[in-house]
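**Q** Let me begin by handing over the structure; questions about it come next.
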Ligand code: SF4
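Numbering (UniProt numbering), first residue to last: 1 to 62.
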């Protein structure tokens, strides 16, 4: 599973707190997702981060 943060991101920072292994905040104050495949160890946290995004900005990428 891979993730992508779309233009809806409002920079609340929740995803980076829930799953810092995958999501980080840029200098512009918006989230980006790491490009690689998410490992099984952090998948639960990534799923939680995705579901917790208040504006549904986190998409799955196959
Ligand atoms: S939780 Fe959603 S809105 Fe908040 S920083 Fe992450 S992607 Fe952006």
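Note that CB positions come from ideal geometry on N, CA and C, so glycine has one too.
Our contact map puts residue 38 next to residue 46 with C-beta atoms below 8 angstroms; I'd like the distance itself, whole angstroms only.
**A** Yes, they are in contact, since the Cβ atoms of residue 38 and residue 46 sit about 5 angstroms apart, within 8 angstroms.
**Q** Where do the N-terminal and C-terminal ends of the alpha helix (DSSP H) with residue 22 fall, by residue?
**A** Unbroken run through residue 22: none, as it is neither H nor E.
**Q** Do residue 15 and residue 30 come within 7 angstroms of each other at the CB atom, strictly closer than that value?
**A** No. Outside cutoff.
**Q** Buried or exposed: where does residue 5 fall if 16 or more other Cβ atoms within 10 Å of its Cβ makes it buried?
**A** The residue is buried, with at least 16 neighbouring Cβ atoms inside 10 Å.
**Q** Using the beta-carbon count (16 or more within 10 Å), is residue 22 buried or exposed?
**A** Result: buried.
**Q** I'd like the list of long-range same chain contacts for residue 2, defined as Cβ closer than 8 angstroms, with 5 residues on each side in sequence excluded.
**A** Contacts found: 33, 35, 36, 37, 38, 60, 61, 62.
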